[in-house]
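Novice: First the structure, which I've put down as structure tokens, then a few questions once you've had a look.
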Amino acid sequence: MKTPQEHIREYINAITNPMTTIIYHATHEDNLSSIKMQGIQPISYWAIREDIHEYYLETIGDENKNPITISMQLRSVPESAIEPDFTGIQEPLTYTLKSSEEEIWEMWEKSNKTWKDSLEIVGSIRITKTIPPNMLTIEQY
């Protein structure tokens with residue numbers, strides 16, 4: 051188990067050097083065989099923050115499905131296929147982010163509105179291309 055300081059260091063590194071970051075996708079076990087054969091189809095959402103990712107894993111579990119984590123290196127994805135997580139900005143996880151919707155919207159409005167800003171503000175991005183299976187690691191199931 052990581053210490054709070056380790057999480058903070060990882061998050062700071064992810065913001066300052068995003069292309070060296072590992073990103074996480076939450077899905078359910080029913081999708082595993084398709085993902086192993088075809089990869090993850092667009093549009094997919096990915097988190098760098100563990101608390102954001104855990105929220106989505108819990109949501110899948112609440113639907114009585116077995117959640118799994120898939121990870122990959124962000125640098126494996128062409129920057130042209132990375133976009134801000136507009137859903138995460140429009141409907142932010144305020145409790146997890148410990149900010150109000152208004153605070154998040156204000157940060158977004160003051161930003162350059164790039165995928166890097168999305169990582170910094172809501173801890174997530176979306177990817178608009180198919181991610182082949184050889185780029186993916188199944189973390190848990």
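In this note's numbering, the protein residues as written are 51 to 191. Note that beta-carbon positions come from the ideal geometry of N, C-alpha and C, so glycine has one too.
1) Are Leu-186 and Met-122 touching if we call contact CB-CB under 8 Å?
2) Determine the DSSP secondary structure at Pro-183, reduced to helix, strand or coil.
3) Just to confirm my understanding: we take Ser-161, look at its own chain, exclude 5 residues before and 5 after, and list those with CB closer than 6 Å. What are they?
4) Determine the burial state of Gln-174: buried for a count of at least 16 other Cβ atoms within 10 Å of its Cβ, exposed for fewer.
5) Would Ile-171 and Ile-132 be called neighbours here (beta carbons separated by less than 8 Å)?
Specialist: So, to answer that:
1) Closer than 8 Å, so yes.
2) In the structure shown, the three-state DSSP call for Pro-183 is helix.
3) Excluding positions up to five away in sequence, the list reads Asp-167.
4) The identity of residue 174 in the sequence shown is Ser, whereas the question assumes Gln. By the 10 Å Cβ count, Ser-174 comes out buried.
5) no
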